[in-house]
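*Asks:* Per the numbering used here, the sequence shown starts with residue 23, numbered consecutively.
Glycine included, every Cβ here is placed at the ideal spot set by N, Cα and C.
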Amino acid sequence: MIFNITENLQLALPSHLIAIEYGLIMLSFITLGITVFTAYKRLHYSRRFFVIVLLNMLSFCAIIGLISDIKIKTQTEMSAVLLTYGTSQQQIESIPKDNNTQIFLLSSLPNWQASLDLSTLTKPLLIDNVGEILLYQPQITQLSVYGDGLATPEWQILNSLINSTAHENLSKQQFNVNFYPSSIRTGPVKLNWPKQLVLGQPFYISGTFRAQKQDEERIFKISLSNTYDEVVDEFLIKHNERFNLSASLKSQGLFTYQLKVFDDDQTLLMSEPVSFSVTSAEKIKVVIKQSAASFESKHLKNWLAEQGEEVLVFTQVSKNKHIQQVVNATTDVEVISKPNKGDKSTVNIIDKEFTSILLKDTDLLYMDGRAVLSLTQEESTQVEMAVKNGLGLIIIVDDELLLSSNEVLSHSLLTRVFSQESWPLSTKVNQGLTTIPRWLHSQEEHTLSYTNAILPKVNGEVLVEGNDSQTLAIAHNYGLGTATFSLINSSYQWLTSDNKSHYSRYWQHIIENTARSAQESGWQKSPIEQIYFQGNTQPMCAQLNGDDISDLQVENINLLPSVVLDSAYCGVYLSDYLGWHNFTLKNEKTDLNQVNMSTSLQNNIRSNSQSVFVYSQRNWLTWQQLLKHEASHLAHKNSSKIADKVSYLPIDKLAFWWLLFISSSLLWYERKIF
23 MIFNITENLQ LALPSHLIAI EYGLIMLSFI TLGITVFTAY KRLHYSRRFF
73 VIVLLNMLSF CAIIGLISDI KIKTQTEMSA VLLTYGTSQQ QIESIPKDNN
123 TQIFLLSSLP NWQASLDLST LTKPLLIDNV GEILLYQPQI TQLSVYGDGL
173 ATPEWQILNS LINSTAHENL SKQQFNVNFY PSSIRTGPVK LNWPKQLVLG
223 QPFYISGTFR AQKQDEERIF KISLSNTYDE VVDEFLIKHN ERFNLSASLK
273 SQGLFTYQLK VFDDDQTLLM SEPVSFSVTS AEKIKVVIKQ SAASFESKHL
323 KNWLAEQGEE VLVFTQVSKN KHIQQVVNAT TDVEVISKPN KGDKSTVNII
373 DKEFTSILLK DTDLLYMDGR AVLSLTQEES TQVEMAVKNG LGLIIIVDDE
423 LLLSSNEVLS HSLLTRVFSQ ESWPLSTKVN QGLTTIPRWL HSQEEHTLSY
473 TNAILPKVNG EVLVEGNDSQ TLAIAHNYGL GTATFSLINS SYQWLTSDNK
523 SHYSRYWQHI IENTARSAQE SGWQKSPIEQ IYFQGNTQPM CAQLNGDDIS
573 DLQVENINLL PSVVLDSAYC GVYLSDYLGW HNFTLKNEKT DLNQVNMSTS
623 LQNNIRSNSQ SVFVYSQRNW LTWQQLLKHE ASHLAHKNSS KIADKVSYLP
673 IDKLAFWWLL FISSSLLWYE RKIF
């Protein structure tokens, strides 16, 4: 509570002690009244009586001054200077000399200031945390930041400390921020790469390269080296250009590659660690329904079988008869009797259509155009409902489908994607063309024939494009599932041309973006655009679906229900050492020191452990500089612009102590002598 005594004086009473403050003030008033009354009875209206009253009044004022917080208005600016990593000697020499300005050095990196001459600075204070600024300068009105600046979490710490004290001090306002950035360093920025991969997925790292002003026209080389220091990919680059490097992975484990930058003299400028983990892929169940046997489906089935996936193939042999072939069966499949020794599969002739129960257990359904058109109304409805519930569907747009446009436009499964306007009836068929299919992070370029048709892009995600930017494969979300339409029906040509790795990457890309998403609980993957540094906090989230478990714990992390993400538990982890950190989901009743999880968690959680790499503050300095520059410029832009800010400073209490001592001594002397 604040009272304005005069225009320049302010009386503040702490809100949490206001009852005690009022009690002491009332007690002082009562004591003053009693002493004045007793003095009047003893001295009446004599000259000595008025002196005694004056001394009592002075004692009362001294007590009020001591138990309350009296402040005086001042126009003096309470400023501070913060020197961060990257501050140059030239910047230090440019700092104005001011006795009212306190200088702080943030020790984000050990002894970074050793190379600088700080003799011109007046008693700089070394701090470990930005929050210490407000401990030394609680009434700060101006903060000047030099060097790389502060990261977003550090600005958030300052703002939260200011907000937490604002209710106690109503005169406290957001201080001004001036930012004097350090010179741009040469190196990669805005990087992103997957931190968790499954075996078979290609690894990639992309970003932007920037150089110092004097080196903007130079040509640099950026390379990616594996754990054996062998170069797996490299790229020539100039200032402000994008790069994309990739590598093939053939084993599981924890990996730390090196991203190296060389100048045009082949001098190594930097080498930064790039860490990621590779685990085995979740097995999926694939159903292939085809109107007739084809090389495309045959090679796809064989490739899936090599990956250990369960594959069911339905090949139509007559109007009501299908050949059913099962590969890598892990569940009981209906009406299986005849083994096929050639490819370790099981073959049977059936007359029963595939059912909704089968589709419910299927992750991916592959169909050619004629197979789509041959679906009965009941089958079409079942497939449509299965896709809505999460089934992934791949439809090969072939000549049969193109020649039956009227049936397509009336088909319940296709009419949501194709329309009379988006799919011209004048599209020519039987005129196969060739192109170079390209997709995200594709590594090689090989020509391939495709069906001459136009796939509508409205509300879809293009998965594969040709060299003329024509759409070759596009995915459409349909309820919880995805339907992908492809003009490529001869990808097996890559296999027959000894390009198996390219074929594998193509189908991994298509399947990854189409197949049913895992619905089991587990850790959420780390963001591809973020890494975590020693001493900083990092968010961790686990997805819990259905009734898996209601409570869980992770050592060193307090997971709580997320207010943003449904069915998610999130927490914050403070990394105190470098390298790999492993996190394991555990039941609330499980001992935190126990390595193995409880049976219920093992059964219900697909990804109960996750590895995260924590980097040193000395890693990725160029990237850190960009992030800190952006955050500090934003803080400067958003800070309050207050000209001649009026602030109140506490009055020195020593004067009140002397006043109380002198007045009390004179009163005691008066009673003793007279």
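For Arg-538, tell me which candidate among Gly-171, Lys-307, Asp-255 and Gln-492 has the shortest Cα-Cα distance.
*Replies:* Lys-307
*Asks:* Ordered along the chain, which non-local residues of its own chain (more than five positions away) have a Cβ less than 8 Å from that of Ile-673?
*Replies:* Gly-87, Ile-92, Lys-93 and Ile-94
*Asks:* With burial defined as no fewer than 16 other Cβ atoms inside 10 Å of the residue's Cβ, what is the status of Met-48: buried or exposed?
*Replies:* exposed
*Asks:* Do Leu-494 and Ser-512 have their C-beta atoms within less than 9 Å of each other?
*Replies:* no
*Asks:* In whole angstroms, what separates the C-alpha of Lys-305 from that of Asn-262?
*Replies:* 41 Å
*Asks:* Please report the distance separating the alpha-carbon of His-531 from that of Ser-247.
*Replies:* 24 Å
*Asks:* Do Gln-639 and Gln-556 count as a contact pair if the criterion is CB distance below 9 Å?
*Replies:* yes
*Asks:* Hey, could you find the ends of the alpha helix (DSSP H) Leu-326 is sitting in?
*Replies:* 317-328
*Asks:* In chain order, which continuous runs of the beta strand (DSSP E) of length 3 or greater are located wholly inside the segment 87-155?
*Replies:* 91-96, 101-105, 123-128 and 147-149
*Asks:* Assuming Leu-281 and Ile-206 form a contact by the criterion Cβ under 8 Å, report the distance between their Cβ atoms to the nearest whole angstrom.
*Replies:* 19 Å between Cβ atoms; not a contact.
*Asks:* What residues are listed by DSSP as bridge partners for His-524?
*Replies:* Per DSSP, none; premise fails for His-524.
*Asks:* Just verifying my parser: in three-state terms, what is the DSSP assignment at Trp-529?
*Replies:* helix
*Asks:* Is the Cβ-Cβ distance between Leu-54 and Asn-78 less than 9 Å?
*Replies:* yes
*Asks:* Mapping DSSP to helix, strand and coil, what is Trp-602?
*Replies:* strand
*Asks:* Return the chain-ordered list of same chain residues with a C-beta closer than 8 Å to the C-beta of Val-419, the five sequence neighbours on each side being excluded.
*Replies:* Gly-391, Thr-473, Ala-475, Leu-477, Phe-507, Ser-508 and Leu-509
*Asks:* Take Thr-16 as the anchor and find which of Leu-395, Gly-414 and Leu-397 has the nearest alpha-carbon.
*Replies:* The question about residue 16 has no answer, for the chain in this structure spans 23 to 696.
*Asks:* For Glu-483 and Lys-217, I'd like the C-alpha separation in whole angstroms.
*Replies:* Rounded to the nearest whole angstrom, the C-alpha separation of Glu-483 and Lys-217 is 24 Å.
*Asks:* Work out the CA separation of Trp-215 and Ser-620 for me, nearest whole Å.
*Replies:* Since pLDDT at Ser-620 reaches only 33, below the 50 mark, its modelled position is unreliable, and no value is offered.
*Asks:* Rounded to the nearest angstrom, how far is the Cβ of Thr-163 from that of Ser-116, given a contact under 8 Å?
*Replies:* Rounded, the Cβ-Cβ distance is 21 Å, inconsistent with contact.
*Asks:* How about Thr-337 and Ala-351: do their beta carbons lie closer than 9 Å?
*Replies:* No; because the gap between Cβ atoms is not below 9 Å, this pair is not in contact.
*Asks:* When you compare only the Cα positions, how much space is there between Val-220 and Lys-522?
*Replies:* 18 Å
*Asks:* Taking C-alpha atoms, which residue in Val-394, Ile-416 and Leu-649 lies nearest to Leu-424?
*Replies:* Considering only alpha carbons, the answer is Val-394.
*Asks:* Is the segment 277-291 touching the segment 315-328, taking contact as three or more C-beta pairs under 8 Å?
*Replies:* no
*Asks:* Round the Cβ separation of Ser-268 and His-463 to the nearest angstrom and send it over; I've been treating them as touching at under 8 Å.
*Replies:* 6 Å
*Asks:* Need the endpoints of the alpha helix (DSSP H) that Val-405 sits in, please.
*Replies:* 399-410
*Asks:* Classify Pro-459 as buried or exposed, calling it buried when 16 or more other Cβ atoms lie within 10 Å of its own Cβ.
*Replies:* buried
*Asks:* So does the segment 592-606 actually touch the segment 168-177, counting three or more Cβ pairs closer than 8 Å?
*Replies:* no
*Asks:* Given a cut-off of 9 Å on the beta-carbon distance, is the pair Asn-641 and Pro-295 in contact?
*Replies:* Yes, Cβ-Cβ distance for Asn-641 and Pro-295 is below 9 Å.
*Asks:* With C-beta atoms as the reference, is Ile-244 less than 9 Å away from Phe-231?
*Replies:* yes
*Asks:* Hey, how far is the Cα of His-344 from the Cα of Met-407?
*Replies:* 23 Å
*Asks:* Are the beta-carbon atoms belonging to Lys-410 and Leu-322 less than 9 Å from one another?
*Replies:* no
*Asks:* I'd like the span of the beta strand (DSSP E) that includes Asn-200, first residue to last.
*Replies:* 198-203
*Asks:* Assign Trp-545 to one of three DSSP states: helix, strand, or coil.
*Replies:* Trp-545 falls in the strand class under three-state DSSP.
*Asks:* If you follow the beta strand (DSSP E) that Asn-2 is in, where does it begin and where does it stop?
*Replies:* Since the first residue of the chain shown is 23 and the last is 696, residue 2 is not available in this structure.
*Asks:* Please name the residue or residues paired with Thr-230 in a DSSP beta bridge.
*Replies:* Val-211 and Arg-264
*Asks:* So is Thr-504 buried or exposed if we call it buried at 16+ other beta carbons inside 10 Å?
*Replies:* buried
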